[in-house]
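**Q** Supplied in structure tokens, the structure appears directly below.
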Amino acid sequence: MDVRQLRRLTAFGLLFSLPWTVFGQDLKDLKASVTNNKEPLVNVLSKLESKYKIRFAYNLDDISPIMVESSYNNVLLTKLLEEKGFKVSEHTGNIVVTKTGNEKRKQQRRINGVVRDEQNVKLGGVTIRVKGSTKATSTDEYGNFIIEAGKGDVLQLMLVGFVPKDVVVGESLELNIKLVQEQGNIDEVVVVGYGTQRRESVIGAITTIKPEVLQSNQTRSISNSLAGQVAGVIAVQRSGEPGYDNSDFWIRGINTFGANAAPLVLVDGIERSLNNISPEEIASFSILKDATATAVYGVRGANGVILIQTKRGKQGKPKLTFKTDYGISEPTKLPQFVGAVKYMETINAANILSGMAPSFEESRIKRTEMGYDPDLYANVNWMDAVTKPYSSNGRLSFDINGGSERLQYSLIMAYFTEKGMIVTDDRQNYDSQLGMKKYNLRSNVDLNLTSSTKVAVGIGGFINERRAPGVGISSILSRAMDTPPNSHPVVYSNGQIAKIAARYNPWSDATQTGYQLRFESNLETSVNVVQDIGMLFPVLEGLKGSVLASFDSYNIHNQKRTKTPRTFFATGRNEEGELITTDVDQGQEFLNYSRDSGGDRTIYFESRLNYNRTFGGKHNVDGLMLFNMRDFVDQRASTSILSLPFRNTGIAARSAYAYDNRYFAEFNFGYNGSENFRVGKRFGFFPSFAMGWMPSNEAFFEPWRATVSKLKLRGSWGLVGNDQLIDTRRFAYISTIDEVSAYSFGYTNNFNYAKAWREGDFGIADMTWETAEKLNAGLELGLWNNTVHIQADWFREKRRDIFMKRKTIPETAGFNLTPYANFGKVDNQGVEVEFLVNHQINKDWFLSARGNVTYAKNKVVEFDEPDNLKYSTRAQTGQSLNQHIGLIAEGLYQFKDFEDESKGILKEGIAQPMFGKVRAGDIKYRDLNKDGKVDAYDRAPIGKPYVPQTIVGFGLNTRYKNFDMGFLFQGATNFSNMLQGSTLVPGSGGGGTGNIYANVDDRWTPENPSSNVIWPRLSNIESSNNMMYSTWWLVDASYLRLKNMEVGYTLPKSTQQKMWMNNARVFLRGSNLLTFSYFKMWDPEIGSQNGLKYPLQRIISGGVDITF
1 MDVRQLRRLT AFGLLFSLPW TVFGQDLKDL KASVTNNKEP LVNVLSKLES
51 KYKIRFAYNL DDISPIMVES SYNNVLLTKL LEEKGFKVSE HTGNIVVTKT
101 GNEKRKQQRR INGVVRDEQN VKLGGVTIRV KGSTKATSTD EYGNFIIEAG
151 KGDVLQLMLV GFVPKDVVVG ESLELNIKLV QEQGNIDEVV VVGYGTQRRE
201 SVIGAITTIK PEVLQSNQTR SISNSLAGQV AGVIAVQRSG EPGYDNSDFW
251 IRGINTFGAN AAPLVLVDGI ERSLNNISPE EIASFSILKD ATATAVYGVR
301 GANGVILIQT KRGKQGKPKL TFKTDYGISE PTKLPQFVGA VKYMETINAA
351 NILSGMAPSF EESRIKRTEM GYDPDLYANV NWMDAVTKPY SSNGRLSFDI
401 NGGSERLQYS LIMAYFTEKG MIVTDDRQNY DSQLGMKKYN LRSNVDLNLT
451 SSTKVAVGIG GFINERRAPG VGISSILSRA MDTPPNSHPV VYSNGQIAKI
501 AARYNPWSDA TQTGYQLRFE SNLETSVNVV QDIGMLFPVL EGLKGSVLAS
551 FDSYNIHNQK RTKTPRTFFA TGRNEEGELI TTDVDQGQEF LNYSRDSGGD
601 RTIYFESRLN YNRTFGGKHN VDGLMLFNMR DFVDQRASTS ILSLPFRNTG
651 IAARSAYAYD NRYFAEFNFG YNGSENFRVG KRFGFFPSFA MGWMPSNEAF
701 FEPWRATVSK LKLRGSWGLV GNDQLIDTRR FAYISTIDEV SAYSFGYTNN
751 FNYAKAWREG DFGIADMTWE TAEKLNAGLE LGLWNNTVHI QADWFREKRR
801 DIFMKRKTIP ETAGFNLTPY ANFGKVDNQG VEVEFLVNHQ INKDWFLSAR
851 GNVTYAKNKV VEFDEPDNLK YSTRAQTGQS LNQHIGLIAE GLYQFKDFED
901 ESKGILKEGI AQPMFGKVRA GDIKYRDLNK DGKVDAYDRA PIGKPYVPQT
951 IVGFGLNTRY KNFDMGFLFQ GATNFSNMLQ GSTLVPGSGG GGTGNIYANV
1001 DDRWTPENPS SNVIWPRLSN IESSNNMMYS TWWLVDASYL RLKNMEVGYT
1051 LPKSTQQKMW MNNARVFLRG SNLLTFSYFK MWDPEIGSQN GLKYPLQRII
1101 SGGVDITF
């Protein structure tokens, strides 16, 4: 017998010997009071002691694990204790609670049972345990089980996707048990900073996403699944190129113009990349938005935090989930261009308007139109020449999960492949197919060393291979636009590759230039030891300690095998009709070779204490104390300074109190140190405070509870920080001295120029954190037993001390390089609203609707602009970040505006543009400052910012018997794109360069002198006036798209059981199926100035999801 057991028995003996009596209260009349859904038996007895001034004697080891359900409220205490396996008795005035097993061993009997769901379908794989013992079993494929148990024992039943259930063994030896399927209960546990909380007690602004939502989008990148799915996230996808298709996203918009505006992403508590993890690995996904939720992260929490927990093992028989799907993709929208005939006619029209002779003879136009000799009269759609109409992608994953009471394990393997839309040439002996392959693996093992000690080991990572043509994708697409359709064919009829000197053949760039290969590998490891201190020392019940250590390693290897193909240009045909060609490029027969490699590694350590305990059934206390440190080494560093380890350290704490699930208060702080600041400035303190009230749990709210089942009000204030201030410089508090080569100050003995030194960057000794003061007010509303759930938040943030390059320091100050300072200020505020409706119409039909909207508008408060700019229309101060500043177009000049149109002389009283000579049909700008001329001083804020201020999403999911269907619409508004490019205006390339968009006829002509057109006057050269940054080229980029749609069918349970399956579903899904927008030339979300970014993809896929 160890010392702890001796102490417990001694204490029990003392309790037993004390003369505690029931003052005027008969034991058989005592009734239990249970106010929560589940409450410890210790609390129930404690409340009786307080109410009746009595005391109970019991062994704490026997009592403490027992929970009492709300169904026992107002039940006789003797009955409650009997059903929980205890006996209560009075002995000379004492009340003693003892385990019935201590008095007489229970008679063990063989219990036979069957487990079904609500539709009476038998459930296999259900885990059944005898509470308080090591006995356990599980149901077979027909839902049957056998277990040894005694009368009064409690059987615990658990199955993923179903509500756990406790069943008390009575007289019957045959049990028929029914489990209820989970429906996304709003009282679930929510992952918060360094811990978990019941959703009911959360008063920070935290949103969770179900993992299956992240799997509904047929994409490699999780960031592409966020827009429209969750309130508080502003996200845009700027490219669909495999491997480079990650979305840019911000939590509650952009709050800074500093170096880092991205949120912190933690996977299993460790800082990692969001897009490196596969959706199949995720068990929970939380977004922390306000200061209360993020303050514990201190200097890393200013931009919000995303918490991801990966899947872990569950006790029970091994369960294997297999999922695969295969999809076909095509661009959502590509720019459309004219053919060769229309191209030449348009160039001739531009020449005539410019007073020049046509560039193309009518005979050439006619021969091209007739298709006469395509070698000499080419007609090529270069965008079609370099792209395929369809490409493909696929996904495959295995998930193995199971374990015993002692050890649980989870293993996830995922494979994703995607091919791009760029064409290939099968005749080449190398593979230049644009595409990628990614392999993800994650294994989590949890070992219960003792009843109070748990060790969790995690190993994960990925291997990624990306292949591309020898010429970059952006270059291929831009050259496809830059090459006229009549310049030359793709390949001459004799097999020679066509090209014009000093120009390009986009097809050969895509297929004949070799290939590039990028190989990435990543290893993530972690060990977490958790000790339940309260189980060792009952006086410290609710206290747990843990230590977490991790090591991550990332490696990248780039390989290029490229060449220049041999090309020709045809000048005509000889007498025999053979094509006469000359060499343009001699080309290379063999592929060149080059490579580079790099990587990084991260070490992280964390130790913490978590405390959670309820006193008296009403007072819940939650606490946290934490220490962490991080060490990061960049093996791709370009300088010796950047090769030094990047290090952070800090402590964090949280204290939360809840009274009777009605009143809530929480205080958090982070105290962090960063090497980015000098000694004495390295540590910062970031506190937060929040309060909440749940009126729906008040007694006075009873008359409305049938309608309003939940009403919670909450508010928070806090400070958070950001130490990632500048990308281009490290240790900015230290001044630098730069070497100047070949400086002509003196000579060495061998008459070479001597090296010299000069002042470089000026050290900012007082540089400090970028800080954010955050304020949040929120409301949560549940209606009709939480069938409808609504959550709304208003937020405001004041970002201060943004590290920026000063703009008002005069040259006479003598700085070689302009110094930085913590000078910038940005305000940001907005609202977010989300709703969810879950309704079980009948046993066969379930309906769910959801929607959300996020609006975030920022304003630059201080940008250090000179006064003559700061108080002008051209100032960034007072405007939104990424706000367009340009001229205001008032239409097009007409012939009536000129004294002499051919010379560009305008009538008196019309402001003279300073961007070159103008003609009728050119863009006319507003003279804002009324000085009689239009120049850069007439610029002003125009349109909306480049990044959306509003994101919306709404969708519907329904299930009828075994069929299910769902869809999501996602949209963005309050943002603008600016069209630009040297050959954007049709004809401005002069016929030698530049393609022409298909909507060229929507233009100004002398016959159609309208200002309500897309294109101004055609010109055979670039018109500086017409290409000024202005409202003429500013387009409303708002869009609404059918982001996801899915239909599925689940095989009946009876069929599944015959095939040894627990679940089997087939599905068909689509992504980016429809897009609605005022802008029609290309997909507005990519934000391109000329449409030459790799387009987003419309995907249709089908697959199966099977669990054994």
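Just so you know, we're using the UniProt record's numbering here: the sequence shown kicks off at 1 and counts up by one.
Note that the Cβ used here is the ideal one computed from N, Cα and C, for glycine as well.
Since the structure is predicted, the reported quantities are computational estimates derived from the model, not experimental observations.
Indicate the three-state DSSP secondary structure (helix, strand or coil) for F249 in the structure shown.
**A** In this structure, F249 counts as strand in the three-state DSSP scheme.
**Q** Which of the three DSSP states, helix, strand or coil, is assigned to F1108?
**A** Residue state, collapsed to three classes: coil.
**Q** Would the stretch 1011-1027 count as touching the stretch 1050-1066 if we require 3 or more Cβ pairs under 8 Å?
**A** Contact between the stretch 1011-1027 and the stretch 1050-1066 is absent, because fewer than three Cβ pairs lie under 8 Å.
**Q** Looking at the unbroken beta strand (DSSP E) that takes in E834, where does it start and where does it end?
**A** E834 -> beta strand (DSSP E) spans Y820 to Q840.
**Q** Please state whether DSSP places K79 in a helix, a strand or coil.
**A** In this structure, K79 counts as helix in the three-state DSSP scheme.
**Q** Could you name each continuous alpha helix (DSSP H) segment of 4 residues or more that falls completely within the stretch 84-170, going from the start of the chain to the end?
**A** Whole alpha helix (DSSP H) segments, 4+ residues: 100-103.
**Q** Just to confirm my understanding: we take R105, look at its own chain, exclude 5 residues before and 5 after, and list those with CB closer than 6 Å. What are they?
**A** For R105, the predicted structure reports a pLDDT of 49, less than 50, and the residue's modelled location is therefore unreliable. The matter cannot be settled from this model.
**Q** Below 8 Å on the Cβ atoms is my guess for A149 versus I111; work out the distance and round it to an integer in Å.
**A** Right, the Cβ-Cβ distance comes to about 5 Å (below 8 Å), so this counts as a contact.
**Q** Among the candidates N381, E82 and D62, whose CA atom is the shortest distance from the CA of D482?
**A** Minimum Cα distance to D482 is reached at N381.
**Q** If I follow the unbroken alpha helix (DSSP H) through Q1056, where does it start and stop?
**A** It spans K1053 to K1058 - the alpha helix (DSSP H) in which Q1056 sits, taken as one unbroken run.
**Q** What did DSSP end up calling D964 once you bin it into helix, strand or coil?
**A** In this structure, D964 counts as strand in the three-state DSSP scheme.
**Q** I'd like to know if the stretch 328-338 and the stretch 270-290 are in contact, where contact means that at least 3 CB-CB pairs between them fall below 8 Å.
**A** With the cut-off at 8 Å, the stretch 328-338 and the stretch 270-290 do not touch.
**Q** Give every residue of the same chain whose Cβ lies closer than 6 Å to the Cβ of A235, excluding the five residues on either side of it in the sequence, and list them in chain order.
**A** Excluding sequence neighbours, A235 sits near L226, A227, S247 and F249.
**Q** Could you check the C-alpha separation between Y1094 and N1012 for me, to the nearest Å?
**A** Cα to Cα, Y1094 sits roughly 30 Å from N1012.
**Q** With a cut-off of 8 Å on the beta carbons, I'd call N486 and A378 a contact; round off their distance for me.
**A** Their Cβ separation, rounded to whole angstroms, is 5 Å, which keeps N486 and A378 in contact under 8 Å.
**Q** Can the beta-carbon of A295 be found less than 8 Å from the beta-carbon of G778?
**A** Contact: no.
**Q** For F664, does the three-state DSSP call read helix, strand or coil?
**A** If DSSP states are grouped into helix, strand and coil, F664 belongs with the strands.
**Q** Check whether the stretch 416-423 touches the stretch 431-442, taking contact to mean three or more Cβ pairs, one atom from each stretch, closer than 8 Å.
**A** Taking 8 Å as the limit for Cβ pairs, the verdict is that the stretch 431-442 does touch the stretch 416-423.
**Q** Tell me which same chain residues have a C-beta within less than 6 Å of the C-beta of I459, skipping the five on either side of it?
**A** Excluding positions up to five away in sequence, the list reads S443 and T525.
**Q** From S848 to M1081, what does the alpha carbon distance come to, in whole angstroms?
**A** Rounded to whole angstroms, S848 to M1081 spans 36 Å at the Cα level.
**Q** Within the same chain, show all residues whose beta-carbon is closer than 7 Å to that of P948, passing over the 5 residues directly before and after it, in chain order.
**A** Within the same chain, P948 has close Cβ partners I234, V236, A972, T973, N974 and F975.
**Q** Since M413 is in the beta strand (DSSP E), which residue starts that stretch and which ends it?
**A** That run of the beta strand (DSSP E) goes L407 to K419.
**Q** I need the straight-line Cα distance from D1105 to V1047, nearest angstrom please.
**A** For D1105 and V1047, the distance between alpha carbons rounds to 13 Å.
**Q** Distance, Cα to Cα, T207 vs M978?
**A** Rounded to whole angstroms, T207 to M978 spans 34 Å at the Cα level.
**Q** Which residues bound the beta strand (DSSP E) around E698?
**A** Looking at the DSSP string, E698 is not in any beta strand (DSSP E), and its letter there is neither H nor E.
**Q** D631: which of L644, L624 and L609 sits nearest, CA to CA?
**A** If we check each option's Cα against that of D631, L644 comes out closest.
**Q** Hey, could you find the ends of the alpha helix (DSSP H) E780 is sitting in?
**A** Segment E770 to L783 is the beta strand (DSSP E) holding E780; no alpha helix (DSSP H) there.
**Q** Would V305 and L288 be called neighbours here (beta carbons separated by less than 8 Å)?
**A** Yes, the Cβ-Cβ distance between V305 and L288 is below 8 Å.
**Q** Between the C-alpha atoms of I203 and N852, what's the straight-line distance to the nearest angstrom?
**A** The alpha-carbon atoms of I203 and N852 are separated by roughly 20 Å.
**Q** Can you tell me which residues form a DSSP beta bridge with S550?
**A** In the DSSP output, where bridge partners are listed per residue, S550 has S526 and Y604.
**Q** Using the Cα positions of Q1097 and S223, report the straight-line distance between them to the nearest angstrom.
**A** Using only the alpha carbons, I get a separation of about 15 Å.
**Q** If we ignore side chains and look at the alpha-carbon of each, how far apart do G143 and L179 end up?
**A** If you take the alpha carbons of G143 and L179, they lie about 11 Å apart.
**Q** Are D509 and V547 closer than 8 Å when you measure CB to CB?
**A** No. Outside cutoff.
**Q** Could you tell me which whole beta strand (DSSP E) segments of length 3 or greater appear in the stretch 430-492?
**A** 435-448 and 453-469, all fully within the stretch 430-492.
**Q** Which class does V22 belong to by DSSP, given the choice of helix, strand or coil?
**A** Any reading at V22 needs caution, since the residue's pLDDT is 36, under 50, leaving its predicted position unreliable; the model's value is listed next. Correct three-state label for V22: coil.
**Q** Given this structure, state the Cα-to-Cα distance separating S872 from I885, to the nearest angstrom.
**A** Looking at the two C-alpha atoms, the distance is approximately 12 Å.
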